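Colleague: Heads up: the sequence shown begins at 35 in our numbering, then just goes up one per residue.
No residue lacks a Cβ here, since even glycine has one placed at the ideal position from N, Cα and C.
In this text, all values refer to a predicted model and were calculated from it rather than measured experimentally.
Right, I'll just put the structure down here and ask away after.
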Amino acid sequence: MSTPDWKIYPLLVGEADVPQVLDAFWSLSREKSLISVPIAAWLLVPLHGGEPILVDTGFRDAERCVQLQGLGPHRSKPEWTLQAQLSKYGFGLEDIQTVILTHLHYDHAGGCGLLPRAKFIIQRTELQAAAAPLVSPELEFGGGALFYDRKDIAELIDPLWSRVRLIEGDEEIAPGVKCVLFANTHTPGSQAVYVQTSAGNAVILGDIARKVEQNVNKAIPPGLYYDLEATYRAMKKIKRDADFILPSHDYEEFLKYAEGVPVGDKH
Ligand SMILES: [Zn+2]
Numbered sequence: 035m036s037t038p039d040w041k042i043y044p045l046l047v048g049e050a051d052v053p054q055v056l057d058a059f060w061s062l063s064r065e066k067s068l069i070s071v072p073i074a075a076w077l078l079v080p081l082h083g084g085e086p087i088l089v090d091t092g093f094r095d096a097e098r099c100v101q102l103q104g105l106g107p108h109r110s111k112p113e114w115t116l117q118a119q120l121s122k123y124g125f126g127l128e129d130i131q132t133v134i135l136t137h138l139h140y141d142h143a144g145g146c147g148l149l150p151r152a153k154f155i156i157q158r159t160e161l162q163a164a165a166a167p168l169v170s171p172e173l174e175f176g177g178g179a180l181f182y183d184r185k186d187i188a189e190l191i192d193p194l195w196s197r198v199r200l201i202e203g204d205e206e207i208a209p210g211v212k213c214v215l216f217a218n219t220h221t222p223g224s225q226a227v228y229v230q231t232s233a234g235n236a237v238i239l240g241d242i243a244r245k246v247e248q249n250v251n252k253a254i255p256p257g258l259y260y261d262l263e264a265t266y267r268a269m270k271k272i273k274r275d276a277d278f279i280l281p282s283h284d285y286e287e288f289l290k291y292a293e294g295v296p297v298g299d300k301h
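This is the structure:
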């Protein structure tokens, strides 16, 4: 039997202008400007036959994001819908039977209702935290729920509940695709997705790190984290484990993989 081998395609499912302070350890950052970031999802296609897997689903509605989250303009385009992005690779919304959600923030879990046949793989601690987030209602951004959209969470609890699969800790989802829990980093139940390709190991980060150079290579933690030590150790582990690091909101890295993560001989 051949070793598991996946092709990974980036899906651009929106764009947002957000404070650059999200990129670096908040309390020590002097950065005040806004930057444009991609909202990414990822399509995993097995090269030797089998079902595709979708990682993350984008946001619900650009206008709603602006009103609710208080971050800056969000943009969508007809060619950036989940449907349009999947169709570039020959798939329809109904073809997706497995979705891994790295975490449940509004820009990752907003498109679940669009996928009529998918089951949704989520860390139990993430759904628990998202349902009753630890946050002051006085905070000016984050919609009173620290970037969890109550509509997304309500939808997962019901009507999508029969298709939600809660996992606890690390778990292989398909040969060569593994969820790895990084507890209390970007969120309480953030998970990365480790994917074997013929060119090496890819790690889809969710938002555990935002900018590869700053957060992973320079080991400067990102702005939003729950446990600084856990986050610092996560950066180290990801740097060690990954040949390809795939973040959600880093245009520089995202554009490198416009044609998909390269396949070829392991370097
Ligand atoms: Zn995000």
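Measuring CB to CB, does residue 244 end up less than 7 Å from residue 57?
Modeller: The answer is yes: Cβ separation under 7 Å.
Colleague: Any heavy atom of ligand 1 closer than 6 Å to the CB of residue 282?
Modeller: Yes; taking the cut-off as 6 Å, the Cβ of residue 282 has a heavy atom of ligand 1 nearer than that.
Colleague: Does the distance between the C-beta of residue 139 and the nearest non-hydrogen atom of ligand 1 fall short of 6 Å?
Modeller: Yes, the beta carbon of residue 139 sits closer than 6 Å to at least one heavy atom of ligand 1.
Colleague: Scan the region 155-231 and note each continuous beta strand (DSSP E) run of 3 residues or more that stays entirely inside, going in chain order.
Modeller: Complete beta strand (DSSP E) runs here, min 3: 198-201, 205-208, 211-215, 225-231.
Colleague: Can you check DSSP and say which residues form a bridge with residue 258?
Modeller: Looking at the DSSP assignment, residue 258 forms no beta bridge with any residue, so it has no partner.
Colleague: Any beta-carbon of chain C closer than 7 Å to the one on residue 74?
Modeller: Annotation note: the requested chain C is absent from the structure, which comprises a single protein chain.
Colleague: Among residues of its own chain, excluding the 5 on either side of residue 117, which ones have a beta-carbon nearer than 8 Å to its beta-carbon?
Modeller: Within the same chain, residue 117 has close Cβ partners 126, 127, 148.
Colleague: Answer yes or no: do residue 216 and residue 242 have a C-beta to C-beta separation smaller than 7 Å?
Modeller: Cβ atoms of residue 216 and residue 242: closer than 7 Å.
Colleague: Specify the secondary structure class of residue 43 as computed by DSSP and reduced to three states.
Modeller: It is a strand residue.
Colleague: List the DSSP bridge partners of residue 75.
Modeller: Partner(s): 45.
Colleague: Kindly list the residues whose CB is nearer than 7 Å to the CB of residue 259, restricted to its own chain and excluding five residues on each side of it in sequence; keep chain order.
Modeller: Once the five neighbours on either side are set aside, the close Cβ partners of residue 259 are 219, 220, 265.
Colleague: Flag this pair as touching only if the region 131-138 and the region 151-159 have three or more C-beta atom pairs under 8 Å; answer yes or no.
Modeller: Touching, yes, given that three or more Cβ pairs across the two stretches are closer than 8 Å.
Colleague: Determine whether the beta carbon atoms of residue 254 and residue 280 lie at a separation below 7 Å.
Modeller: Result no, Cβ atoms of residue 254 and residue 280 do not sit closer than 7 Å.
Colleague: So, with DSSP's three-state summary, where would you put residue 90?
Modeller: Three-state result, residue 90: coil.
Colleague: When you measure from the CB of residue 241 to every non-hydrogen atom of ligand 1, does any distance come out below 6 Å?
Modeller: For ligand 1, at least one heavy atom lies less than 6 Å from the Cβ of residue 241.
Colleague: Exposed or buried, residue 287, counting other C-beta atoms within 10 Å across all chains shown (16 or more means buried)?
Modeller: So residue 287 ends up on the buried side.
Colleague: Go ahead and pull the three-state DSSP assignment for residue 50.
Modeller: In the structure shown, residue 50 sits in a strand (DSSP, three-state: E or B).
Colleague: Let me check understanding here. Comparing Cα to Cα, which of 231, 153, 71 lies closest to residue 105?
Modeller: It is 71.
Colleague: Whose CA, out of 123, 172, 75, 140, lies closest to the CA of residue 93?
Modeller: With distances taken between Cα atoms, residue 93 lies closest to 140.
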